[in-house]
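Taken in order, these protein sequences are the chains called A and B.
In this note's numbering, each residue carries its 1-based index in the first sequence increased by 183.
In this note's numbering, each residue carries its 1-based index in the second sequence increased by 32.
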Amino acid sequence: MSLLPLLNWNGNKNSLSLSWLRLPLLFLITGLLSPASASDNTEAIWPALKQTYFGDRQIRVEADDLLTIEAPKRAEDAAIVPVTIKSPLKQTTARHISALHLFIDNNPMPHAATFYLAPSLKQVDLSTRVRVDSYTHMRVVAEMNDGTLHMIKTFVKASGGCSAPAGKDHSAALARLGKMQIRMREATLGKAMPVQVIVSHPNNSGLQMDQVSRGYIPAHYVKTLAISYNDAPLIKMEAGISISEDPSLRFVFSPEQPGVLRVQATDSKEQKFDQKKRL
Amino acid sequence: MFIRNLSLWCFPGLLLMQVACAQDQAYPIEQVTDGIYYHQGVHEDASKENFGAIANVGFIVGDDCVAVIDSGGSYKEGELLAKAVKQTTDKPVCYVINTHVHPDHLLGNAAFKQAEPSFVGHEKLPAALMARKDFFEKNFAETLGEAYQGAEFISPDQTVAIGEPLTLDLGQREIVLTAYSTAHTDHDLTVMDKNTRTLWTGDLLFIDRIPALDGSINGWIENSKKLQQMDVSYVVPGHGPAGKDQWQQGWQKQLAYLTLIREQIRAIIYDFGTIDQATASVGLTQKDNWILFEDYHRRNVTAAFVELEWE
C-alpha cells in the first residue's frame, strides 16, 4: 500500500482538515513507506497501527473468551461486507466493554469505526457493513471499563471479479441522502431484540468524480451515529470511509420500560439527521 | 452456423489467411453475421492463464471504418483483438465503444490508441472509471501479471446520455448507441447495428455465466424486460454465445433468476432478517442453472439486499 490510495480515498489532496484523518496519514508517511507491500506480509501494518492508536499500552491477543468477530471468509462484494462483533460478557456497571475499535488493516483508512458502549446496553451484539479493499486482517480491540485492552482478529479475502469499494449508483445514493430507518419488531419490555439503524448516505470516500468539473468530490461520510433510549446513551459509533454506503448498525437491546429510541447522525459536513421511535 | 461462416471467412486471400487462421486457434474470432465479429470470453474469473479474456469483445466493419465494441480484459487481449481486426479488414478503427466500466470489457483500450479512434461510452462512464480506477489497477495488475502491462484507463471523449441515443456512421452502416438507467451498472450502453439488426447488449445480458449485479436489481429487471421486446435478429451478449438462437431464452433465464432472488430477499427484509440470512438461503435452487454460481451468487444477493432495504 502506498500513500497514494489514502490520498485518493480522501479525495481532496490539499485539505486534510479532518482531525481524525491526520493521525493515520502521519503514520502512513512515517511508518509505512517500507519496501515490502502489505500483501507480502499480512501483519505488516498492525504494529504501526497499534502504536498510533494505543501507544505502549498492552493488548491481550486472541481474547476469544471475551469477543467474537464474524465476517465472511471471502468478501463477496467489496463494497458491502457484513461484520458482527459479539461478547459473551454481560455488560454491568461494575464490568463492561466501554469501547470496541474496529480495524481493517489493508484499507486506505484502516480505522473503520469505534463503538462506545454503555453498560445499559447489557449485551454486546453489533453488526455493521464495511468496505474491504484487499486481502486483509480485520480486528477488534475491546477496551474494558478498567482500561485493559483485548483483541481478536479474522482474515478476509478480497472479492474476485468486478465489485469495487466505491458504491454502485452514486446519484441514487445522493438522492435519498439523510433518510433514516429504525427497523425492529414490535418491542416486548424486558426482552432482548435486534434493532437495525440505517442512514442513507453515500459515505463518499472521496473517489467519486464530479460530472461537470471532472474534479474529485471531497470525502463526505457519516461521522457519528449516536443511539439513546429515554435520553440515556446506549451506543455511539464514530466512523469513517471504511463503512459502506448507507451506514447500517444492528444491535441487540432490551427495553426495560416504555420510552423513546433515538438515533442522531452527523456527517462530515456537519449535516445532522435525527429519528425517533416510541417503544 | 459459426463454423460455416468462420470457414468462409478464412478462405479468401489463401496464404495470408492461413496465417490468420493459425493464430485464430489461440484467439478465435467468430463471425456472427455480415460484418459482425466477436471473440467469446471463457466462463472463468480473470487470471494470468486466460489473460482476462473472459468477456465477449468484437467489432463491426463498415465501408469506411470499424467500431470496436469492448476492448478486452487486458492490454494483451486488446492487442489480439486489434490484430484480429487487421486480419479481417484494412479499414481503420474509428470508434472504441465501452459498454461499461468493468475491466474485462475495457482493459484493452490502450491497444487501439495508435489508430486515434474516438472512445465512446455512457455519460456516467467517466465518473465510474475515476471511482474504480485505483482499485482495479491494483487488483488487476496483480491478477493478470504481464498481460496487464500497457493497460490504461482511457475515459471516453464522446458520451451518450440516457434518452438521447447516438448514431454513428461506419460507412453504409449506421450503429445506434443507447444509454440506460442503472441496471447491471449505473452506466450500461448497448449498440445496435441497423443493417443486420444485431444488438450488442454489453453485460445487460449474460448467457450461461451467472449475471453479476453491480448496479440495481430493480433497474436490471425493468431494462431486461424492455430489451427482451426489441425487434432484433442477432444478439451479442456480454458473456456467452452470440447468434440468433439463444438470446430469447437468455433474457428469460436471466429475468427468472433476478426476479426470484428479488422476491426471496424482499421476504427476508420484510421479516427483519440480515444479509447473512439472505446469502445463506436465497436463490439456491438456481445453482445448477449457472456457471460460476458459487463465485457470484452471494455477491448478487448482498448487492440486491442493500438496494431493496430502501423500498
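No residue lacks a Cβ here, since even glycine has one placed at the ideal position from N, Cα and C.
**Request:** Specify the secondary structure class of Gly177(B) as computed by DSSP and reduced to three states.
**Result:** In the three-state scheme derived from DSSP, where H, G and I count as helix and E and B as strand, Gly177(B) is classed as helix.
**Prompt:** Cβ atoms of Ala99(B) and Tyr127(B): under 8 Å apart, would you say?
**Reply:** It is a contact, given that the beta carbons lie within the stated cut-off.
**Prompt:** DSSP on Trp232(B), reduced to helix/strand/coil?
**Reply:** The answer is strand: DSSP assigns Trp232(B) an E or B state.
**Prompt:** Rounded to a whole number of angstroms, what is the C-alpha to C-alpha distance between Leu408(A) and Ile194(B)?
**Reply:** The straight-line gap from Cα to Cα measures roughly 37 Å.
**Pick from Thr291(B), Leu259(B), Gln296(B) that is closest to Trp279(B), judged by C-alpha positions** = Cα-wise, what sits closest to Trp279(B) is Leu259(B).
**DSSP-derived helix/strand/coil call for Asp327(B)** = Note: Asp327(B) maps to helix in three-state DSSP.
**Prompt:** So, Val268(B) versus Tyr107(B), is the Cβ gap smaller than 8 Å?
**Reply:** In this structure, Tyr107(B) does not lie closer than 8 Å to Val268(B) by Cβ.
**Message:** If we require 3 or more residues per run, which beta strand (DSSP E) segments fall completely within the segment 229 to 297 of chain A?
**Reply:** Runs of the beta strand (DSSP E) lying entirely within the segment 229 to 297 of chain A, each at least 3 residues long, are 251 to 253, 264 to 270, 280 to 287 in chain order.
**Asked** Using a Cβ-Cβ cut-off of 6 Å (strictly less than) and excluding sequence neighbours within five positions of Gln447(A), which residues of its own chain qualify?
**Response** Excluding positions up to five away in sequence, the list reads Ala409, Asp457.
**Asked** So, does the CB of Lys460(A) fall closer than 8 Å to a CB anywhere in chain B?
**Response** Not closer than 8 Å to any Cβ of chain B, the Cβ of Lys460(A) fails to qualify, so no.
**Asked** So, is the C-beta of Lys288(A) closer than 8 Å to a C-beta in chain B?
**Response** Per the sequence presented here, residue 288(A) reads as Asp, with Lys not at that position. The beta carbon of Asp288(A) sits no closer than 8 Å to any beta carbon of chain B.
**Prompt:** How big is the Cα-Cα spacing for Thr464(A) and Tyr412(A)?
**Reply:** The structure shown does not extend to residue 464(A), since chain A spans only 184 to 462, so no value can be given for it.
**Request:** Starting from Val223(B), trace the beta strand (DSSP E) both ways and give me its first and last residue.
**Result:** Note, Val223(B): beta strand (DSSP E), 221 to 225.
**Item:** Distance between beta carbons of Val378(A) and Thr311(A), contact taken as under 8 Å
**Value:** Between Val378(A) and Thr311(A) the Cβ distance is about 13 Å, and since that is not below 8 Å, they are no contact.
**Prompt:** What are the start and end residues of the alpha helix (DSSP H) that includes Ser256(B)?
**Reply:** Element bounds for Ser256(B): 249 to 260.
**Prompt:** Assuming Ile242(B) and His132(B) make a contact with CB atoms under 8 Å, what is their CB distance in whole Å?
**Reply:** Wrong, their Cβ atoms sit about 17 Å apart, outside the cutoff.
**Item:** Nonlocal neighbours in the same chain, by C-beta distance under 6 Å from Lys460(A), ignoring five residues either side
**Value:** The answer, listed in chain order, is Ile365, Leu444.
**Asked** So, is the C-beta of Ile381(A) closer than 8 Å to a C-beta in chain B?
**Response** Output row for Ile381(A): interface = yes.
**Item:** Beta carbon of His320(A) nearer than 8 Å to that of Lys336(A)
**Value:** Yes; because the gap between Cβ atoms is below 8 Å, this pair is in contact.
**Asked** Applying a beta-carbon distance threshold of less than 8 Å, which residues of chain A neighbour Arg241(B)?
**Response** Within chain A, no residue has its CB atom less than 8 Å from the CB of Arg241(B), the nearest being about 11 Å off.
**Prompt:** Using the beta-carbon count (16 or more within 10 Å), is Arg278(A) buried or exposed?
**Reply:** Taking a 10 Å sphere around the C-beta of Arg278(A), we find fewer than 16 other C-beta atoms and assign the residue as exposed.
**Message:** Within a Cβ cutoff of 6 Å, which residues of the same chain sit near Val89(B), ignoring the five residues on either side of it in sequence?
**Reply:** Answer for Val89(B): His71, Asp102, Gly104, Leu113, listed in chain order.
**Asked** Where Thr120(B) and Gly67(B) are concerned, what is the direct C-alpha to C-alpha distance, given to the nearest angstrom?
**Response** Between Thr120(B) and Gly67(B), the alpha-carbon positions lie close to 10 Å from each other.
**Item:** Where the segment 163 to 184 of chain B meets chain C: residues whose CB sits under 9 Å from a CB there
**Value:** Of the protein chains in this structure, namely A and B, none is chain C.
**Asked** Identify the residues that DSSP records as bridge partners of Ser431(A): which are they?
**Response** Under the DSSP definition of a beta bridge, Ser431(A) partners with Ile381(A).
**Prompt:** Grouping DSSP H, G and I as helix and E and B as strand, with all else coil, what is Asp450(A)?
**Reply:** Reduced to three states, the DSSP call for Asp450(A) is strand.
**Message:** Is there a C-beta anywhere in chain B that falls below 8 Å from the one on His353(A)?
**Reply:** Output row for His353(A): interface = yes.
**Asked** chain B partners of Arg366(A), CB-CB under 9 Å?
**Response** Within 9 Å Cβ-Cβ: Ile301, Phe304, Glu341.
**Request:** List the residues of chain A whose Cβ lies closer than 9 Å to the Cβ of Ala335(B), in chain order.
**Result:** The answer, in chain order, is Glu259, Asp260, Ala262, Ile263, Ser346, Lys351.
**Request:** May I ask you to report which of helix, strand or coil DSSP gives Gly275(B)?
**Result:** Secondary structure of Gly275(B) (DSSP, three-state): strand.
**Among Ala312(B), Gly182(B), Glu155(B), the one whose alpha carbon lies nearest that of Lys145(B)** = Taking only the C-alpha atoms, the option nearest Lys145(B) is Gly182(B).
**Prompt:** Under the DSSP definition of a beta bridge, which residues are partnered with Lys460(A)?
**Reply:** In the DSSP output, where bridge partners are listed per residue, Lys460(A) has Leu444(A).
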